[in-house]
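The numbering of the sequence shown is our numbering, which starts it at 32 and goes up by one.
Using N, Cα and C, we set each Cβ at its ideal position, and we do this for glycine too.
The structure under discussion appears below in the form of C-alpha cells.
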Amino acid sequence: MLLSALIAVVWAPAPIAERLVRDNIHAQAELWKRQVVLQLDDAEYSFVNSQVSDHDQRFLHLLVQATDVYRFHLFNEQGEVFWSTDGAKIGYMEEGEYFHNNVAKGQVYYKTEEKAAWKVAASSASGQALDTPSDHGTETPIAPPHDPSQLITGENGPHASVDHDDHSAGLGGSGAPVSADSGTAQAQPPSPAPSFPTYLSQGASSDLRHVAEIYVPFMHNGHFDGAIEFYTDVTDMRASIMNRARLLLSVIVGAVLVTMLSAGWLLHRNNARHVAQLNRRNTKEREIIDQQLQLAREVQLLGELNEWLQSSHSLEELFQMVARFMTHILPNAEGSLYVYSNSRDVLDGSAKWNGGTVKPHIHPEECWGLRRGRTYEFGASEVDFTCNHAEPHDGRPYYCFPILAHGETVGLMHLRAAAAHERTFRSNKKLARMCAEQISMAIANVRMRDQLQDQSVRDPLTGLFNRRHMTECLRKAINNSQNTGVPLSLIAVDVDHFKKFNDNHGHDAGDMILRAVGTALEKTCDGDQVACRMGGEEFTLILPGVKNDDVLRKAEHLRKAVEAISLRYGEKTLPTVTISLGVAHYPQHGTLPQELMRGADEALYVAKAKGRNQVQMANTVTPSPRDPSAQASEEDTSVAEINTAPSAQMPDPLSEALAETLPETLTEAWDKDLAADRASVAERSSSEDETEPAATDQKEGSKTGNVAAR
C-alpha cells in the first residue's frame, strides 16, 4: 500500500497538470485571439484575402512581447500560412487531418510536445527581431547553440548570432525593409536586440521544454475564414502545477496513512484484548468458535461456487464444477445430481461425488421429493419410505432436494450420509439446501443462455442457421483452409419461381416448401458442413473438406433430391419444386467471404438465366485488389457453365444485358443490392416464361436498352 501511495504521489500529478495546463491555455488562447483580431484593421479582410498591412504587422509582433506566446501563425481558409512571426513559415500549407477535420469545423485543437530549449529561444528571438516585416519577408534560422560561447551579449541581453548577409538580403541589402510598391528602401528605426529566456542564457540550452501548440479558428457569421496557431512555453506552468499537486497528494496520502496506521493500531489492540478473552473461555466456547469458522468457510465456498457456476458455458462444464465443489463443501455426504431431459419424462444422471452412485435415467415417480414437491428427508420420522432411485438402501439417512428455478423443477440433488458421519450429516441440511438453490439458478441460466444463443443463430422457420452464423462460419472456414490447405466450397441455392408459388398457393404452402428444402439441405450436410438460410427463398451451403468434383456431385444430388419432393397442402398436391445452384471454390473464385459469396451468386444468376433447375460453377477470377483505384480498373469477371442438366441457350440480347450488369454486382455495394438484384432477375425470368415469343423478344430488347442506359 505504501508503494501504491508513492506511485500515486509521483505519477498522478502529471495527468492532473496536463489537464489544468490545457484548460488554462484554452482560456488564454481565446484572449490571444481577441488581441490579434483587435490589432488588425479589418480581420475578416486579412483572413479572406491573406494580406496583412505593415501597420498590422508591427502590432502583431508586439503580441509576442506582451504575452506568453513566443510564436504564432495566421492561416487562411485553405490552411496556408499567410503571416507568421517566423517569416520562413509564410506560404507553408498545413496538411494535417486535424486542421481540416477539427479546426475548419470551428473546433479548437490542442497538442503539446517537447522541444529543445535552444529551438524555443531561437523562435522567441526571431519573433522579437522582426519589428517591421514585409508581407512575405523571410527570417534567417538561428543555429542551435551547442555551447554558451555561441550566445552574443548585446545591449538588451544575450541573443543568438544570425547570418547578417541573408537577413540583409531580405531587407534590401541595407538593413531597411524594401517597399513592395515602389521598390525603394525606407529607413526604419533599428530593432532592439532579441532577448533570450533565462534558462538558455544560463547554459541550459540542451534542456527540453514543454511547448503547447493550439489552433484557434477564426469564424465570421458561422463561416470558417481561417485560424491562428499559437506557440507557448508551458514548462514553468506545468512544473508549478505538478509541484502543487504533489504537495497536495502528499498531504492527502500522509493523512490516509496516519489514519490507517491509527486504525490498524486500534484494531490490533482490540484483537489482542479479544484473544485474551477467548483464551479464558472454556471448551464449550471454543467449540462455538470452531463452528463459526466452519460457517465462514462454507459461506466462502458457496460464494466461490456461485461465481464459478455463473461463468460456466455449458451444462457439462457446470456439472464438473458442482462435483468438485461439493467434495469440499459437504465432505461427509455422498451425492448425485439428476437433470430433467428435454422431453421432461425422465431425469438424466449428470454428476456424482464422494463415492455416490448415479443412475443413467430415473423417472420422477421414483422420488418422493419430486412427487411431493418439497425436500424429502429419510430417517427424520418414525415411519419413512425409501425412494426407488435410492435402492439398494442400507438405512443411512439421505436428502432429496428438488432443484427449482423460475417456478419450474429442473432436476434433483440426492445426498446420503457417509459411513460413520450420520450425526454431522443432519447438521448440514441448511447448507445442502443453499447448495441446491445455487445449482438450480446456475442450471436455469445456462439453459436460458443456450436457448438464446440457439435462437440468435437459427432460422425459426426451417431450423437452419441464419445469415449471421453463416458469415462467421465462412470466415472461420476460410482461415482454416488458408492454414491447413483443406479444400473449401460454397453453394448458393435459390428456389425457382418461389414468388409465383406464394401468389398461387399462399404463404402457408410457401412455408412448407421452405421447410422441405431446408430439410433436404440439412440431410445433405455431413460433419462440419453447414446449411444456412440467407433469407426468403435463398439458402447457402458451406462445404469444408470436400473436393471440387465431389461438390458438383453433391450439388447435383441436392438438386435431384429437391426435385423429387412431393408435398400435399390440404386436399391438393403442390407442384414440383426445383432449385438453381451456383458453386464457388476457394481460392479459385475468391479469398474473402464476400468474394466467394459473390462468385456463387453470379453462377446462380447464370443458372437462373439459362432456364433454372441446374447447377452452375463460377469461373476462376483474380482476387480483387485492396486498392479501390486498382479495383475500379480491374477487368470484368466472367462465369463459366458446368452443364449438369440440359438447358436451352440464352438469347443474345439477354446475354449482353447480363454481361453489362455483372460489373455492377462487383462494386462495394454488393451486399446491399444483392436482394434487389435477385428479385429483379426472378421477376424478369417469370415474365419471360408467361409471355408469348414475339412479346418476349420485344420486352427483352427493351430491357437490354435499359441496362445499356444504366
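Asked: Residue(s) in a DSSP beta bridge with Ile434; Found: Gly442
Asked: Where the beta strand (DSSP E) containing Tyr141 begins and where it ends; Found: Tyr140 to Ala147
Asked: Classification of Glu626 by the beta-carbon crowding that lies within 10 angstroms, buried from 16 upward; Found: buried
Asked: Minimum C-alpha distance to Lys530 - residue among Ala153, Leu545 and Met565; Found: Leu545
Asked: Nonlocal neighbours in the same chain, by C-beta distance under 8 Å from Leu239, ignoring five residues either side; Found: Glu145, Lys146, Ala147 and Ala148
Asked: Beta-carbon spacing of Arg498, Cys418 below 8 Å; Found: no
Asked: Rounded distance between the beta-carbons of Phe356 and Leu332, thought under 8 Å; Found: 7 Å
Asked: Bridge-paired residues (DSSP) for Ile573; Found: Leu521 and Val561
Asked: Backbone secondary structure at His536 - three-state DSSP; Found: helix
Asked: Span of the beta strand (DSSP E), counted from its first residue to its last, around Met250; Found: Leu239 to His251
Asked: Exposure label - Arg312; buried when at least 16 CB within 10 Å; Found: exposed
Asked: Cα-Cα separation, Ala523 to Ala586; Found: 10 Å
Asked: Local conformation of Leu378 per DSSP, three classes; Found: strand
Asked: Cα-Cα separation between Glu503 and Leu495, rounded to whole angstroms; Found: 14 Å
Asked: Backbone secondary structure at Ser115 - three-state DSSP; Found: strand
Asked: Same chain only: Cβ atoms within 6 Å of Asn579, ignoring 5 sequence neighbours per side; Found: His616
Asked: Nearest neighbour of Asp85, chosen from Glu75, Glu126, Arg427 and Trp114 [CA to CA]; Found: Trp114
Asked: Top-ranked residue by Cα proximity to Gly118, from Leu505, Glu126, Ala634 and Leu105; Found: Leu105
Asked: Contacting residues, own chain, Cβ-Cβ under 8 Å from Ala276 (five flanking each side not counted); Found: Ala43, Pro44, Ile47 and Ala48
Asked: Arg427 (DSSP reduced to helix, strand or coil); Found: coil
Asked: Candidates Glu568, His538 and Asp539, of which the one nearest Leu552 by Cα; Found: Glu568
Asked: Spatial distance of Val526 from Gln619 (CA atoms); Found: 26 Å
Asked: Segment limits, alpha helix (DSSP H) that includes Ala592; Found: Asn579 to Glu594
Asked: Residue interval of the beta strand (DSSP E) (run including Phe409); Found: Tyr407 to Phe409
Asked: Opening and closing residue of the alpha helix (DSSP H) in which Glu75 lies; Found: Ala74 to Asn80
Asked: Burial state of Arg643, where buried means 16 or more other Cβ atoms lie within 10 Å; Found: buried
Asked: Residues of its chain near Ala39, where Cβ-Cβ distance is below 8 Å and the 5 sequence neighbours each way are ignored; Found: Leu280 and Val284
Asked: Alpha-carbon to alpha-carbon, Leu91 and Ser232; Found: For Ser232, the pLDDT reaches just 48, beneath the cut-off of 50, and the residue's location in the model is therefore unreliable, leaving the point undetermined.
Asked: Counted within 10 angstroms of its Cβ, other Cβ atoms place Asn459 as buried (16 or more) or exposed; Found: buried
Asked: The stretch 417-436 in contact with the stretch 293-304 per 3-pair CB rule at 8 Å; Found: no
Asked: Tyr123 (DSSP reduced to helix, strand or coil); Found: coil
Asked: N-terminal and C-terminal residue of the alpha helix (DSSP H) that Thr358 is part of; Found: Leu346 to Ile360
Asked: Span of the alpha helix (DSSP H) around Asp481; Found: Lys460 to Val488
Asked: Limits of the alpha helix (DSSP H) - the one that Arg102 falls within; Found: Run containing Arg102: none in the alpha helix (DSSP H); it sits in the beta strand (DSSP E), Val100 to Asn107.
Asked: Leu62 classed as buried or exposed, judged by whether at least 16 other C-beta atoms fall within 10 angstroms; Found: exposed
Asked: Delimiting residues of the beta strand (DSSP E) encompassing Gly257; Found: His254 to Asp264
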